[in-house]
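Below is one structure; the comments refer to it alone.
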Amino acid sequence: MIATFRIPGAGRLKQAETARFSFDGQSYAGVEGETLASALLANGVHLVGRSFKYHRPRGFLSAGAEEPNALVEIKRDSARRTPNVRATVQELYDGLTAQSQNRWPSLAFDVSALGDIASPLLSAGFYYKTFMWPKSAWKNFYEPRIRAAAGLGVAPDQPDPDHYSARFAHCDVLVLGGGAAGIAAALAAAETGVRVILADEQADFGGSLRFESGARIDGQDGFAWAQGAVAALKAMDNVRVLSRATAFGYYAQNFVGLVERVSDHLQSPGRELPRERLWQVRAKRVVLATGAIERHMVFADNDRPGVMLASAARTYLNHFGVAVGRNVGVYTANDSAYAAAIDLKKAGVGVAAIVDLRDHPTGSVIDEARALGIEVNFGRAVIRAGGKLRVSSMTVQPKNGGGERTIPVDAILMSAGWTPSVHLFSQSRGKVAFNDETKRFVPGTYAQDCVSVGACNGTDGLSATIDEAYAAGAKAAKDAGVKNAGANTVKGIKPKVDASESWSRGMLGAAPGAGPDTTVKAFVDFQNDVTAKDIRQAVHEGMRSIEHVKRFTTNGMATDQGKTSNMHGLAIAAETLDKPIPQVGLTTFRAPYTPVTFGSIVGHARGPLFDPTRKTAIHPWAEPQGAVFEDVGQWKRAWYFPKAGEDMHAAVDRECVTVRKTAGLFDASTLGKIEVVGPDAAKFMELLYTNPWEKLEPGRCRYGIMLREDGFIYDDGVVGRLAADRFHVTTTTGGAPRVMNHMEDYLQTEFPHLNVWLTSTTEQWAVIAVQGPKSRDIIAPLVEGIDMSDGALPHMSVREGRICGVPTRLFRMSFTGERGFEVNVPADYGQAVWEALWAEGQKHGACAYGTETMHVLRAEKGYIIVGQDTDGTVTPGDAGLDWAVGKKKTDFVGIRGMARPDLVAKGRKQLVGLKTKDPKVVLEEGAQIVGDPKQAIPMTMIGHVTSSYWSENCGRSIALALVTGGRGRMGETLYVPMPNGTIEVEVTGMVFFDEKGERLNG
Amino acid sequence: MKKYSVFAIAREAMRGHKGWEEQWSSPEPKKEYDVIIVGAGGHGLATAYYLATVHGITNVAVLEKGWLGGGNTGRNTTIIRSNYLYDESAGIYDHALKLWDGLSQELNYNVMYSPRGVMMLAHNVHDIQVLKRHVHANRLNGIDNEWLTPEAAKEFCPPLNISRDARYPVMGATLQRRGGTARHDAVAWGYARGASVRGVHIIQNCEVTGVKRAPNGAVMGVETTRGFIGAKKVGVVAAGHSSVIMNMAGVRMPLESYPLQALVSEPVKPVFPCVVMSNTVHAYISQSDKGELVIGAGTDQYISYSQTGGLHILQHTLDAICEMFPMFTRMKMLRSWGGIVDVTPDRSPILAKTPVPGLYVNCGWGTGGFKATPGSGHVFAHTIARDDPHPINAPFTIERFRTGRLIDEAAAAAVAH
Amino acid sequence: MLLIRCPYCEEERPELEFRNAGEAHIARSADMAATSDDDFEKFFFIRSNPKGIIYERWRHMHGCARFFNAVRDTVSDRFLLTYKAGEPKPAKLPGAAE
Amino acid sequence: MAKAVANKIAPTLVERRPVLAGQELSVTGVTLAVLPTAQRISLRAPDASVAALSKALGVTLPRKPKTSTAKAGRTALWLGPDEWLVIDEAGKDPLADCAELTVLHSAVGISHRNVAISVIGPAAAATINSGCPQDLSLDAFPVGAASRTILGKVEIVLLRTATDAFRVECWRSFSDYVFTFLSEAAGDAAA
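Protein chains in written order, with the UniProt record's numbering: chain W, 1 to 1002; chain Z, 1 to 417; chain B, 1 to 98; chain S, 1 to 191.
Here you go:
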């Protein structure tokens, strides 16, 4: 079936490739390779959407990415719904399902269109002036209704089954825009042999050659030349050609983001294909060949379906073979719309009249139009479009007033002139300059290594464009300065233009049919329903900056980002302000050029690739044991090991008791480890830690505290001295990377004279803590070459030897208060050594324990956790760790910071123990402490609970807290007010279990 | 000032909206004012407004190098909340929150303060400890903030992914119901209108190029691109440019200015009912009245006044958004932009007198200044008018960095261990 | 994403490999413990934060791992020069408008 | 000089379980494979020690940025001006070779810290460029080039072993991420 508005013989599509599709439930036939817009137009469908504010019926304004009106939802399946798709960009495939948006119950009858009738009330910024009474009404009544009426499509509600990919690329010359200019520039650059990338947002290269029927290059039709040239480029090894690839952002130092739409145009994309691919290109030179966008005429009811840009009508005809009407009118202020009238007339479409706002234009196109018998009117304006769901007439009047004449039409093609697409240039931080003669902003001052060519540079005419672009491409290649430029054997010849069209000039702002009548709606921004009157009102209300006008009226803030509306809005504002356009200023062009999916930006970083999941060597053992894991930074750490029927508390209670009774095994592999090596290692340690290190004997360990320069605790850990010049430093799990960076910073920049080097060994060693009275019995049978006796291996010592036949660094240390060891083995042996120790442990009734039990056991002993009991505002003194600060040291990082007045003042918060009066009550971590529970809110808070647990070993709850003047309050009763009652607590020391520390050797 | 109301709109609708008066005037600068405020953002304009309304000081100029409300006021993601940990922060932000409630009526300008709830997510045990510490401190400070289970969080925000299989599962959340959003432009414009009608001069396109000081060191006025303007009191409220202006007066500041980016999606029908913040996954999101998802990104790592940032910063943000809300990958980013945020070493603002007599500074709001706008302006006006800080801003001195009496909310959140 | 010339790797590399490390040429006192409160405040908290030329530190964290210094224009984000840690502040800047 | 206990590679009583051992993936244009274990050290030294270290290791430590040298199954990668990654795939321990040296240096065994994945095929560079921002053209990153860099969200060390072959080294706990990343990227790399 040939759709009614398809013109046999016109267009470039293979008519045989039929694609069935549906729109709002109605089935249609289209042709593969055309856009949804083209296919709907071929079927005579113009009404496709409703506007944002007034819900006015809307059709197609354009044939490209600048489309403000024709936004539809495309639905592949329930999870693959995409809202706000421009029908003018979406390519048709067999089975495509599209739906209109923002209307209820139907597109033709939209209840919210009542807003159109009430529109005088909904003027620019009206919502700032009302909906304020009563106070709560905004949130409860007005806002929900406004929100429901606003918005366009409906967001997807299921996870997206499609995937997105990404690529970094580098090239010498990046050419953005694949029209005549871009192709010429790419040809010139490519033949020098440099690396070239040419990208265009359309499926087909050619840009305006798609519709410019008058262009001939190298003896061919312009579009055919473009295809040949691109094919030649694709065949070159040094060229990458990307179609359907939109350069959306131009970032610092010639870094350009492009999104390539890989499969949205395919009927059934293979699973291996990404939906979109993000290209992040670093180019030595960028050639901007982004073309120009036609502007509409601003006159009353210029938004009726069927009123569209003249170039769009040409694209539909010349490229897709579709007529946008049977009897069209043309309204223009420049020459280019004449070509549309001529093309349509030649294709057999009736052209009712051309209305030209200019008084005495001359030129060959005008002569040609007349010769074809088209009525041409000069000095006249279209003051109104008739019709509602489809334009039915245009009313014409001499532009200075006079008799009106209404001409029946079924489409109006309009052109107010062309706006150079300086978006990317402007994003590159280049400054545009206003050309008063041609009334357009063109690239002025460049900020990056790029050049603009062709229409986006304000260059008119195909011949001049190709000359300019070809020269620019060659220069860009030369400037990129690549050594083997010229290596390509194919020597190019500059394309020769045989025939071209030229269409400069035009008008900006409101045409005579744009008011000032109060009831007139002459749209500047279609999607956001901004009229010429709204812009004038904004100025009257004191908005003098174009940014204010934009924000007050929302002009240019719709999904088309003002591609057709910005210049008109600016001109109307300038006129109202009686100021020249450049003085009012241009709004900032912001990335993205056209909207890009979140998915394309995210790329691979979804699911397992959102963030690395780090697992220890022992993880594969813990998982099948039923361990529950917690996230600590990127690590998964075994949290507790529940047995059948145990909840967390039961598991932790059992683990805690077992460790103190016999022994437990704990995976401590995530602790950061840094090997500090060199003759000045001890000197370096002296500077980075508060503790003294010079006198620590090889084979011994010490608990070290690291401060920031401001005197607050930054990290802690046990450090073993392996040799005079070698330390094995441990850090907190989360602190490992920043501690390494901190140490490198001081080493490289403050203490570069020290002969010492740092190596991260976190992942070299798996660490198995074996803690408890039976720990030595468990380890000893497996160890070779280390005397495990208390005399030879006392608490806080380290030896190197072998365990299970593999090398080990065996630490005698304890974070539980029990006799304890930490067995370091090369990571790949971690699991096997753990299993061997586990087997030994089983003989003694040992358990595996997780981080929760580790926390409870250390809290029973009053050992702190940096980041939990300290919070970046705690000094060693506050934490009761003064003993770890070398009193005789003259320098270490933090020595001065910790002496600042407020850090040594009285009344600082100090870490203490808390016991609830009712031993069964476990405080909540983070709970606040007060001295007087009866005071009114706001209460004076004197501290907070940092750690709190049920201690099965103590048979009661225990807690640590930071309390103002805490160490002076021993025995004092304080209060923890909770929502359902105040808890009484007693301030105590921090050690709740084995106060004398006898069990370390027990 | 002609009052705004639905009746005024109806009246104007009859005559094509031609009767509206200018929301603010654009006078030529006088030679001298009692007070000059440098920076016509929300905080600066609010300061001028409260100088006029609370302290009766109307001979005031607000100088703006660009257009009013064009800096961070017009570039932020408009999150409003007051559930801060420390008494000092809670004090100033809750002071602001109380003023937000009723600001539309106070200004006769609908600033669209929408207390739709701000939810902050906990993804690990450490987050729970930190957020609960906030809940408890807030409760005793009389600030609403409640703890939600993951299920309750999802009920409040249906798009939230609370799957246990998520990379960082949601383990709970806090909710401040009075928190929410407001319309950023309206705040600046409402204060501008309120100040202007009371005689305050708002002078746009007037860049301060120098600060003039008398031989005794006191402020005499400012040099501008429109000539010298005298004043005995100058309040610097220049956000990212605060240290630049303060340098002109010879005061070096503990400030660094970073690019901060944000983005919005294309507008869609209501899908996201509240504000969600996740400090661990780094996602900050709400939906505007227009239907756009409003998403805040992080700062770039280097000092910059370029108002642009790197694409990788947006990637990082959207990674997190799509991880927490996996249905949003098909949504499209419509617009992204950058602001310049001035950050102090403890991430808390400076709102204080300075070593220079007659010079006052209100800066260092970092990434979260919008929410404080009314409160900040209110107490800064007090500070200038009385030459003495209001009790609420008294702790926010410059000197605290010398003494070490910091107000370090970020440090209090500590780090994973 | 910036492109930064690492003076050790002797080529421009993408910003993702680097970590900014704040203002450069702030000397840590050789006698830190004796520093006054005022001087400590200047050393640790007060920053130039210039709008224009900044001297700053970077670390080629995910490259050669070296700290080095850079001169950059904070308005355009354009690098004028990078040089090795420990080298003095350059007397002359290429192409800098004074 | 500092002597870490130099491990003779002696038979062990327990099984070594390298992470991802033997994993492979082959798609059009590229094959990924987790490489067998190797001996590695992180070597740090001032200029003055380089000659002696080169001699002891039997491979000349490269002095030029982003380069590597290789001899008899042993490769030395320049990572920084005083830093090399020495990889031995011939079963000899470079740590032992440095153990007796008295010249100033730091040698730390990291055999278990790192995991290596080979990426081979005409689409190898494109696969890596899915997440690595460096220019991997042969001009910029020739055969033998070596560099620490980024892949997605983690740090890697990249070595080009042939025109269309790379060795990717990463830390043990990141290897799952790296292999998954490369696998996903490989599927799209032929484009």
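Note that CB positions come from ideal geometry on N, CA and C, so glycine has one too.
Residues, ordered as in the chain, of the stretch 57 to 91 of chain S that lie near chain W by beta-carbon distance below 7 Å:
Cβ contacts with chain W: none found.
C-beta atoms of W:Ala283 and W:Cys171 nearer than 8 Å:
What you label residue 283 of chain W is simply residue 283 of the first sequence in a count that begins at 1. What you label residue 171 of chain W is simply residue 171 of the first sequence in a count that begins at 1. Result yes, Cβ atoms of W:Ala283 and W:Cys171 sit closer than 8 Å.
Which residues in the same chain have their Cβ closer than 8 Å to the Cβ of W:Thr35, if we skip the five residues on either side of it in sequence?
For the purposes of this step, residue 35 of chain W is taken as residue 35 along the first sequence, with counting starting at 1. Contacts found: Ala63, Ala87, Thr88, Val89, Gln90, Glu91, Leu92, Phe320.
Please list, in chain order, the chain W residues whose beta carbon lies closer than 7 Å to that of Z:Val6.
For this step, residue 6 of chain Z is matched to residue 6 along the second sequence. Residues of chain W passing the Cβ test: Thr130.
Cα separation between B:Ser76 and Z:Asn362?
One-based indexing of the third sequence puts residue 76 of chain B at position 76. One-based indexing of the second sequence puts residue 362 of chain Z at position 362. Take the alpha-carbon of B:Ser76 and the one of Z:Asn362: they are about 26 Å apart.
Around the C-beta of W:Gln267, are 16 or more other C-beta atoms found within 10 angstroms, so that it is buried, or is it exposed?
By one-based count along the first sequence, residue 267 of chain W stands at place 267. By the neighbour-count rule (16 or more Cβ atoms within 10 Å), W:Gln267 is not buried but exposed.
Buried or exposed: S:Ala186, going by 16 or more other Cβ atoms within 10 Å of its Cβ?
Taking the fourth sequence and counting its residues from 1, the one referred to as residue 186 of chain S is at position 186. Classification for S:Ala186: buried.
From the DSSP secondary-structure annotation, give me the bridge partner or partners of Z:Tyr33.
Counting from 1 along the second sequence, the entry for residue 33 of chain Z is found at position 33. In DSSP, Z:Tyr33 forms a bridge with Z:Ala231.
Host beta strand (DSSP E) of S:Asn114 (start-end)
Here residue 114 of chain S is taken as the residue at index 114 of the fourth sequence, counted from 1. Unbroken beta strand (DSSP E) run through S:Asn114: 114 to 120.
For W:Ala510 and B:Arg5, the rounded distance between their alpha carbons
Against the third sequence, residue 5 of chain B aligns to sequence position 5. Against the first sequence, residue 510 of chain W aligns to sequence position 510. Looking at the backbone, the Cα of B:Arg5 and that of W:Ala510 are separated by about 51 Å.
Quick one: Cα of W:Gly645 to Cα of W:Ala651, how far?
Counted from its first residue, the first sequence places residue 645 of chain W at position 645. Counted from its first residue, the first sequence places residue 651 of chain W at position 651. Cα to Cα, W:Gly645 sits roughly 9 Å from W:Ala651.
Using CA coordinates, which residue listed in W:Asp667, W:Met990, W:Trp639, W:Pro83 is at the minimum distance from W:Val154?
By one-based count along the first sequence, residue 154 of chain W stands at place 154. Among W:Asp667, W:Met990, W:Trp639, W:Pro83, the Cα nearest to that of W:Val154 belongs to W:Pro83.
Contact set between the stretch 68 to 90 of chain B and chain W, restricted to residues whose Cβ is under 7 Å from the partner
Ser76, Asp77, Ala85, Gly86
Measuring straight from C-alpha to C-alpha, what distance separates Z:Lys65 and W:Gly177?
As a first step, residue 65 of chain Z is located in the second sequence; it is residue number 65 there, counting from the start. As a first step, residue 177 of chain W is located in the first sequence; it is residue number 177 there, counting from the start. Approximately 36 Å between the Cα atoms of the pair.
I'd like to know whether the C-beta of S:Thr149 is nearer than 8 Å to at least one C-beta of chain B.
Start at 1 with the first residue of the fourth sequence, and residue 149 of chain S comes out as number 149. With 8 Å as the cut-off, S:Thr149 counts as an interface residue toward chain B.
According to DSSP, is W:Phe378 part of a helix, a strand, or is it coil?
Here residue 378 of chain W is taken as the residue at index 378 of the first sequence, counted from 1. W:Phe378: strand per DSSP, three-state reduction.
Among W:Asp303, W:Val324, W:Asp367, which one has its Cα closest to the Cα of W:Ala313?
By one-based count along the first sequence, residue 313 of chain W stands at place 313. Looking at the Cα atoms, W:Val324 is the closest of the given residues.
Note down, one range per segment and in chain order, each beta strand (DSSP E) of at least 3 residues found wholly within the stretch 140 to 211 of chain Z.
Those beta strand (DSSP E) runs which fall completely within the stretch 140 to 211 of chain Z and span 3+ residues are 146 to 148, 172 to 176, 201 to 203.
Going by DSSP, what residue range makes up the beta strand (DSSP E) through W:Ala739?
Taking the first residue of the first sequence as 1, we reach residue 739 of chain W at position 739. The question names Ala, yet the displayed sequence has Val at residue 739 of chain W. It is not in any beta strand (DSSP E) - W:Val739 instead sits in the alpha helix (DSSP H) that spans 736 to 745.
Report yes if the C-beta distance between W:Asn334 and W:Val355 is below 8 Å; otherwise report no.
Residue mapping note: residue 334 of chain W aligns to position 334 of the first sequence, counting from 1. Residue mapping note: residue 355 of chain W aligns to position 355 of the first sequence, counting from 1. No, they are not a contact pair.
So W:Trp693 is in the alpha helix (DSSP H); what residue range does that whole segment cover?
For the purposes of this step, residue 693 of chain W is identified with residue 693 of the first sequence, where counting begins at 1. No alpha helix (DSSP H) holds W:Trp693; DSSP gives it neither H nor E.
Beta-carbon proximity of W:Ala199 to W:Ala247, cut-off 8 Å
As a working mapping, residue 199 of chain W is identified with position 199 in the first sequence. As a working mapping, residue 247 of chain W is identified with position 247 in the first sequence. Yes; because the gap between Cβ atoms is below 8 Å, this pair is in contact.
Is W:Thr749 close to chain B, meaning its C-beta is less than 8 Å from at least one C-beta of that chain?
Along the first sequence, one-based indexing puts residue 749 of chain W at 749. Answer yes: the Cβ-Cβ gap between W:Thr749 and chain B drops below 8 Å somewhere.
Quick one: Cα of W:Thr666 to Cα of W:Ile768, how far?
Here residue 666 of chain W corresponds to residue number 666 of the first sequence, with the count starting at 1. Here residue 768 of chain W corresponds to residue number 768 of the first sequence, with the count starting at 1. The sequence as given places Phe at residue 666 of chain W; Thr does not occur at that position. Roughly 6 Å separates the two Cα atoms.
Kindly indicate which residue of W:Tyr127, W:Ser393, W:Pro612 has the alpha-carbon position closest to the one of W:Gly329.
Counting from one through the first sequence, the residue named residue 329 of chain W turns up at place 329. With distances taken between Cα atoms, W:Gly329 lies closest to W:Ser393.
According to DSSP, what are the bridge partners of W:Gly805?
Taking the first sequence and counting its residues from 1, one reaches residue 805 of chain W at position 805. In the DSSP output, where bridge partners are listed per residue, W:Gly805 has none listed.
How do the stretch 250 to 259 of chain W and the stretch 324 to 344 of chain Z stand: do at least 3 beta-carbon pairs fall below 8 Å, yes or no?
no
Counting only Cβ pairs nearer than 9 Å, list the residues of chain S close to B:Ala65.
As a position in the third sequence, residue 65 of chain B is number 65, starting the count at 1. Near B:Ala65 (Cβ distances below 9 Å), the residues of chain S are Leu79, Gly80, Glu83, Arg148.
Whole-Å CB distance - W:Met970 paired with W:Thr988, under 8 Å assumed
Taking the first sequence and counting its residues from 1, one reaches residue 970 of chain W at position 970. Taking the first sequence and counting its residues from 1, one reaches residue 988 of chain W at position 988. At roughly 7 Å, the Cβ-Cβ gap stays under 8 Å, so W:Met970 and W:Thr988 are in contact.
According to DSSP, which residues form a beta bridge with Z:Asn110?
Within the second sequence, residue 110 of chain Z is the residue found at index 110, counting from 1. The partner list for Z:Asn110 (beta bridge, DSSP) is empty, contrary to what the question assumes.
At 8 Å on the CB atoms, spell out the chain W contacts of B:Asp37, in chain order.
As a position in the third sequence, residue 37 of chain B is number 37, starting the count at 1. The answer, in chain order, is Arg900, Pro901.
With a CB to CB cut of under 8 Å and the five nearest residues on each side skipped, what residues in its chain are close to W:Tyr975?
By 1-based counting over the first sequence, the position of residue 975 of chain W is 975. Once the five neighbours on either side are set aside, the close Cβ partners of W:Tyr975 are Ile929, Val930, Gly931, Asp932, Pro933, Thr982, Ile983, Glu984, Val985.
Could you check where the beta strand (DSSP E) with B:Arg72 kicks off and where it finishes?
Taking the third sequence and counting its residues from 1, one reaches residue 72 of chain B at position 72. Note, B:Arg72: beta strand (DSSP E), 67 to 73.
When you compare the CB of Z:Pro374 with every CB in chain W, is at least one pair closer than 8 Å?
Position 374 of the second sequence, counted from the first residue, corresponds to residue 374 of chain Z. Chain W, which has no Cβ nearer than 8 Å to the Cβ of Z:Pro374, makes this no.
In whole angstroms, give me the CA-to-CA distance for Z:Ala61 and Z:Tyr33.
Position 61 of the second sequence holds residue 61 of chain Z. Position 33 of the second sequence holds residue 33 of chain Z. Roughly 7 Å between the two C-alpha positions.
C-beta neighbour in chain B for S:Pro142, strict 8 Å:
Along the fourth sequence, one-based indexing puts residue 142 of chain S at 142. Contact with chain B is absent for S:Pro142, since none of that chain's Cβ atoms lies less than 8 Å from the residue's Cβ.
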